[in-house]
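**Student:** Listed in order, the protein sequences are those of chains G and P. Here my numbering is used: the first residue of the first sequence is 600, the next is one more, and so on. Here my numbering is used: the first residue of the second sequence is 600, the next is one more, and so on. Glycine residues also receive a C-beta, built at the ideal position from the N, C-alpha and C atoms.
There are 2 protein chains.
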Amino acid sequence: MLSERRLEVLRAIVQDYVGTEEPVGSKALTERHNLGVSPATVRNDMAALEEEGFIAQPHTSAGRIPTDKGYRLFVDRLAAVKPMTAPERRAIQNFLEGAVDLDDVVARTVRLLAQLTRQVAVVQYPSLTRSTVRHVELLSLAPARLMLVLITDTGRVEQRMVDCPAPFGETSLADLRARLNSRVAGRRFTDVPTLVEDLPEAFDREDRGTVSTVLSTLLETLVEENEERLMIGGTANLTRFGHDFPLMIRPVLEALEEQMVLLKLLGEAKDPGVTVRIGHENAHEGLNSTSVVSVGYGSGGEAVAKLGVVGPTRMDYPGTMGAVRAVARYVGQILAES
Amino acid sequence: MLSERRLEVLRAIVQDYVGTEEPVGSKALTERHNLGVSPATVRNDMAALEEEGFIAQPHTSAGRIPTDKGYRLFVDRLAAVKPMTAPERRAIQNFLEGAVDLDDVVARTVRLLAQLTRQVAVVQYPSLTRSTVRHVELLSLAPARLMLVLITDTGRVEQRMVDCPAPFGETSLADLRARLNSRVAGRRFTDVPTLVEDLPEAFDREDRGTVSTVLSTLLETLVEENEERLMIGGTANLTRFGHDFPLMIRPVLEALEEQMVLLKLLGEAKDPGVTVRIGHENAHEGLNSTSVVSVGYGSGGEAVAKLGVVGPTRMDYPGTMGAVRAVARYVGQILAES
DNA sequence: TCTGGCACTCGCACGCGCCGAGTGCCAGGA
DNA sequence: TCCTGGCACTCGGCGCGTGCGAGTGCCAGA
Numbered sequence: 600m601l602s603e604r605r606l607e608v609l610r611a612i613v614q615d616y617v618g619t620e621e622p623v624g625s626k627a628l629t630e631r632h633n634l635g636v637s638p639a640t641v642r643n644d645m646a647a648l649e650e651e652g653f654i655a656q657p658h659t660s661a662g663r664i665p666t667d668k669g670y671r672l673f674v675d676r677l678a679a680v681k682p683m684t685a686p687e688r689r690a691i692q693n694f695l696e697g698a699v700d701l702d703d704v705v706a707r708t709v710r711l712l713a714q715l716t717r718q719v720a721v722v723q724y725p726s727l728t729r730s731t732v733r734h735v736e737l738l739s740l741a742p743a744r745l746m747l748v749l750i751t752d753t754g755r756v757e758q759r760m761v762d763c764p765a766p767f768g769e770t771s772l773a774d775l776r777a778r779l780n781s782r783v784a785g786r787r788f789t790d791v792p793t794l795v796e797d798l799p800e801a802f803d804r805e806d807r808g809t810v811s812t813v814l815s816t817l818l819e820t821l822v823e824e825n826e827e828r829l830m831i832g833g834t835a836n837l838t839r840f841g842h843d844f845p846l847m848i849r850p851v852l853e854a855l856e857e858q859m860v861l862l863k864l865l866g867e868a869k870d871p872g873v874t875v876r877i878g879h880e881n882a883h884e885g886l887n888s889t890s891v892v893s894v895g896y897g898s899g900g901e902a903v904a905k906l907g908v909v910g911p912t913r914m915d916y917p918g919t920m921g922a923v924r925a926v927a928r929y930v931g932q933i934l935a936e937s
Numbered sequence: 600m601l602s603e604r605r606l607e608v609l610r611a612i613v614q615d616y617v618g619t620e621e622p623v624g625s626k627a628l629t630e631r632h633n634l635g636v637s638p639a640t641v642r643n644d645m646a647a648l649e650e651e652g653f654i655a656q657p658h659t660s661a662g663r664i665p666t667d668k669g670y671r672l673f674v675d676r677l678a679a680v681k682p683m684t685a686p687e688r689r690a691i692q693n694f695l696e697g698a699v700d701l702d703d704v705v706a707r708t709v710r711l712l713a714q715l716t717r718q719v720a721v722v723q724y725p726s727l728t729r730s731t732v733r734h735v736e737l738l739s740l741a742p743a744r745l746m747l748v749l750i751t752d753t754g755r756v757e758q759r760m761v762d763c764p765a766p767f768g769e770t771s772l773a774d775l776r777a778r779l780n781s782r783v784a785g786r787r788f789t790d791v792p793t794l795v796e797d798l799p800e801a802f803d804r805e806d807r808g809t810v811s812t813v814l815s816t817l818l819e820t821l822v823e824e825n826e827e828r829l830m831i832g833g834t835a836n837l838t839r840f841g842h843d844f845p846l847m848i849r850p851v852l853e854a855l856e857e858q859m860v861l862l863k864l865l866g867e868a869k870d871p872g873v874t875v876r877i878g879h880e881n882a883h884e885g886l887n888s889t890s891v892v893s894v895g896y897g898s899g900g901e902a903v904a905k906l907g908v909v910g911p912t913r914m915d916y917p918g919t920m921g922a923v924r925a926v927a928r929y930v931g932q933i934l935a936e937s
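1) Determine which residues of the region 671-701 of chain G have a Cβ less than 7 Å from any Cβ of chain P, and write them out in chain order.
2) From what residue to what residue does the alpha helix (DSSP H) around G/R913 run?
3) Out of G/H883, G/R733, G/A904, G/I848, state which residue places its alpha-carbon closest to the alpha-carbon of G/K869.
4) Does P/Q758 pass the burial test, meaning 16 or more other C-beta atoms within 10 Å, or should it be called exposed?
5) Using a C-beta cutoff of 9 Å, does G/E630 count as contacting chain P?
6) Can you name, in chain order, every residue of its own chain whose Cβ lies under 7 Å from the Cβ of P/A678, other than the five neighbours on each side?
7) Roughly how many angstroms separate the alpha carbons of G/A743 and G/F767, rounded to a whole number?
8) Residues in the same chain with beta-carbon distance under 8 Å from P/L737, minus the five sequence neighbours each way, listed in chain order, please.
9) Which residue or residues does DSSP assign as beta-bridge partners of P/G895?
10) Quick one: which residues of the region 756-767 of chain G get their C-beta closer than 8 Å to a C-beta of chain P? List them in chain order.
11) Give the straight-line distance between the Cα atoms of G/V641 and G/N887, rounded to the nearest whole angstrom.
12) Return the bridge partner residues of G/I750 from the DSSP annotation.
13) How would you list, in chain order, the residues of chain P whose beta-carbon sits under 7 Å from the beta-carbon of G/T545?
14) In chain order, which beta strand (DSSP E) runs of at least 3 residues are fully inside the region 813-858 of chain P?
15) Roughly how many angstroms separate the alpha carbons of P/R807 and P/P799, rounded to a whole number?
16) Cβ closer than 7 Å: which chain P residues qualify as neighbours of G/R913?
17) Taking the beta strand (DSSP E) that P/V719 belongs to, which residues open and close that run?
18) State yes or no: is the C-beta of G/A835 within less than 9 Å of the C-beta of P/E856?
19) Say the cut is 8 Å; is the CB of G/I933 nearer than that to a heavy atom of the ligand ZN?
20) Within its chain, find whatever has a CB closer than 8 Å to the CB of P/T889; leave out the 5 residues flanking it on each side and keep chain order.
21) So if I threshold CB-CB distances at 8 Å, which residues from the region 736-749 of chain G count as touching chain P?
22) Whole-angstrom Cβ separation of P/P622 and P/R663, contact assumed at under 8 Å?
23) Could one say the Cβ of P/R849 lies closer than 9 Å to chain G's Cβ atoms, at least one of them?
24) When DSSP labels each residue in this structure, what does P/R876 get in the three-state scheme?
25) Starting from the beta carbon of G/A835, find every residue of chain P whose beta carbon is closer than 7 Å, and list them in chain order.
26) Alpha carbon to alpha carbon, how far is G/T629 from G/Y616?
27) If you drop the 5 nearest sequence neighbours on each side, which residues of the same chain put their C-beta closer than 6 Å to that of P/L715?
28) If we count Cβ pairs, one from each stretch, closer than 8 Å, do we get three or more for the region 604-612 of chain G versus the region 641-653 of chain G?
29) Extract the residue ranges of the alpha helix (DSSP H) inside the region 601-688 of chain P, only unbroken runs of 4 or more that lie entirely within it.
30) Under the DSSP definition of a beta bridge, which residues are partnered with G/T770?
31) Would you kindly report the start and end of the unbroken alpha helix (DSSP H) that includes P/L794?
32) With the cut-off set at 9 Å, would you say G/P665 and G/I612 are in Cβ contact?
33) Work out the CA separation of G/S811 and G/L711 for me, nearest whole Å.
34) Would you decide whether P/G635 is buried or exposed? Buried here means 16 or more other CB atoms lie within 10 Å of its CB.
35) Distance, Cα to Cα, G/L864 vs G/R876?
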């Protein structure tokens with residue numbers, strides 16, 4: 600129903616508005632893009648686009664700006680993901696390769712994403728529930744006090760204190776450690792509960808309490824949504840939001856401080872590729888004037904976590920999507936190596 | 600040289616300005632505080648205070664606002680740290696007690712501080728170099744690939760990958776693990792280098808390369824300023840900075856993103872009690888219009904790290920100092936228990 | 001040394017008018 | 001049928017002048 604030219608006009612509006620941050624009028628459009636028609640024609644097209652809800656006027660007698668619906672159409676049908684250039688790809692790789700441990704990988708990824716996209720970057724730590732167990736370690740700190748250390752194949756390490764109901768001998772400890780590891784090492788975390796179910800039965804009556812306590816601590820660690828962690832960065836980029844930003848920036852900062860909000864935000868994107876949520880498509884009210892570009896990453900083919908950026912709806916979608924996708928790819932590689 | 604009343608006037612100015620965020624004039628001062636003198640007298644005092652550089656006028660014929668020097672005098676001589684109330688103290692304790700591991704303690708502390716002070720909170724992880732070793736763990740991931748896990752008495756856990764120059768047997772590994780722990784467990788990290796110096800000599804020639812590699816990885820982990828980590832939160836509070844904030848907020852956000860800047864900021868405060876750095880006293884330019892209130896915390900008497908808040912120079916110093924001190928105290932307790 | 005009085009300053013809010021970018025509509029032409 | 005040039009209209013932004021009021025400095029008198 601929308602003619603080819605009208606789509607072209609929409610694309611031109613989005614591109615100009617993203618560049619100039621100012622409402623774009625019919626005359627400016629014809630001057631900067633050779634659409635082959637006069638401003639008057641463009642005006643008619645604009646009226647039609649406005650009728651359909653793809654663009655809007657901030658005030659009468661101003662230029663047009665894209666609506667969320669307009670950006671949606673642009674992303675879905677008018678824009679191609681812009682691939683990174685070779686030097687950019689090399690830079691990404693170099694930057695990530697120096698990482699010394701998982702925290703470092705995540706921290707570097709956040710900084711990298713923030714720099715590349717000039718937006719706020721969010722990186723989720725590899726999910727425990729979607730990883731496999733590399734090793735479980737038990738340390739005796741005091742006669743009735745243990746430390747449980749959990750290590751995943753993605754390099755993530757979690758530790759928990761365990762207060763035992765009764766003192767636990769060094770031999771029992773070694774036994775438990777060995778049995779635990781032989782059962783769960785290399786297995787997926789989601790399988791752990793059933794794998795250790797009958798473990799207490801292998802121990803003396805007096806040790807069973809402690810073994811159960813250790814196991815329940817282990818299982819608690821895996822409870823979804825407790826185990827998720829993430830890191831954000833590049834919040835200084837929010838200051839480039841626009842001239843009217845003082846009122847925009849606060850709800851965004853507030854939303855970014857809520858782990859739950861961000862996790863939901865990333866979690867909602869089920870798409871295997873890059874997902875874009877524009878303006879009001881985001882459930883959280885504070886993020887109604889932002890877009891979220893996210894993608895899963897993982898060491899193998901499977902995604903173990905998500906990463907993405909949060910920026911104004913008026914953003915360079917092709918470039919941002921390209922950067923996000925590229926970074927996710929390289930982070931996956933780095934994790935596979937470690 | 601400054602009479603008692605003039606100090607009283609300064610105190611009144613600081614208090615009013617902190618409350619109203621607006622320059623305060625002589626008339627308003629006499630109305631809100633019973634100084635026992637007329638506005639005209641206060642005006643003379645103000646002129647004197649301005650002469651000495653404690654207060655300033657934003658423009659001719661406006662009220663006065665305190666200068667950095669004025670705040671400094673206020674903090675040093677006119678203000679007492681405001682202790683937390685009993686319910687507040689209970690709330691702090693309750694909030695921190697639910698923490699499940701060190702990351703959680705730090706995360707909760709950041710949120711707590713940000714909420715209590717309504718400012719940006721910064722919490723440094725317990726320094727490795729100022730902690731003692733609880734345990735060193737070595738795991739074999741592949742024939743020539745180890746994972747080194749370092750656990751401190753404050754609950755901090757660091758892990759590193761080690762690529763061995765030669766395959767390393769399971770018995771050698773157990774041997775190294777045992778020797779390493781018997782030497783360093785319970786010792787201060789700063790002593791570790793000398794304690795492990797001659798360790799390679801106890802091993803067969805073929806294993807020495809690997810042992811050395813492990814040790815140098817261990818030592819690298821301890822290099823100061825690489826090993827420091829921190830967490831920040833409450834950046835949304837920056838939006839309460841003032842009406843002129845758009846230009847203020849960016850450099851602050853940028854400074855907060857630089858780990859190094861923050862570490863220096865906290866590191867500079869050598870005072871055993873609460874330290875306050877006001878405005879231009881902060882070396883970093885972006886923080887010239889902010890004040891930093893920080894204090895050391897630790898499980899015992901000794902500080903293992905710092906925490907604090909960053910806010911506008913126009914802040915409630917007594918209250919902020921009280922909150923920071925109280926939180927530090929409770930975090931110390933929590934760490935001592937774990 | 002403090003106080004009341006007084007003239008002065010100056011930032012700010014308000015109202016006004018101009019300018020110009022941008023629009024919608026319409027009649028004429030391909 | 002679709003495009004184009006022309007035209008009248010709208011309205012936000014900007015510069016300017018004005019009045020107001022909070023606040024000041026200074027001075028003479030208690």
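**Tutor:** Judging by the given coordinates:
1) For the region 671-701 of chain G, which is checked against every Cβ of chain P, the residues closer than 7 Å are V699, D700.
2) Premise fails: G/R913 is in no alpha helix (DSSP H) and is neither H nor E.
3) G/A904
4) buried
5) no
6) Y916, P917
7) Approximately 6 Å between the Cα atoms of the pair.
8) L745, M746, L747, V748, L772, L775, R776, L779, V813
9) Answer is P/K905, bridged to P/G895.
10) V756, E757, Q758, R759, M760
11) Rounded to the nearest whole angstrom, the C-alpha separation of G/V641 and G/N887 is 29 Å.
12) G/H734, G/V756
13) For chain G, the structure presents residues 600 to 937; residue 545 of chain G sits outside this window and is missing.
14) 829-832
15) 5 Å
16) Neighbours of G/R913 on chain P: none; closest Cβ ~18 Å, over 7 Å.
17) Unbroken beta strand (DSSP E) run through P/V719: 719-723.
18) yes
19) Absence of the ligand ZN is noted for the structure shown, with no ligands found whatsoever.
20) V851, G878, N881, V909, G910, P911, T912
21) E736, L738, L740, M746, V748
22) 6 Å
23) yes
24) strand
25) R849, L852, E853, E856
26) If you take the alpha carbons of G/T629 and G/Y616, they lie about 14 Å apart.
27) A922.
28) Contact between the region 604-612 of chain G and the region 641-653 of chain G is present, because at least three Cβ pairs lie under 8 Å.
29) You should have 603-619, 625-631, 638-650, 667-672.
30) DSSP output for G/T770 lists no bridge partner at all.
31) P/L794 -> alpha helix (DSSP H) spans 791-795.
32) yes
33) 43 Å
34) exposed
35) C-alpha separation (whole angstroms): 9 Å.
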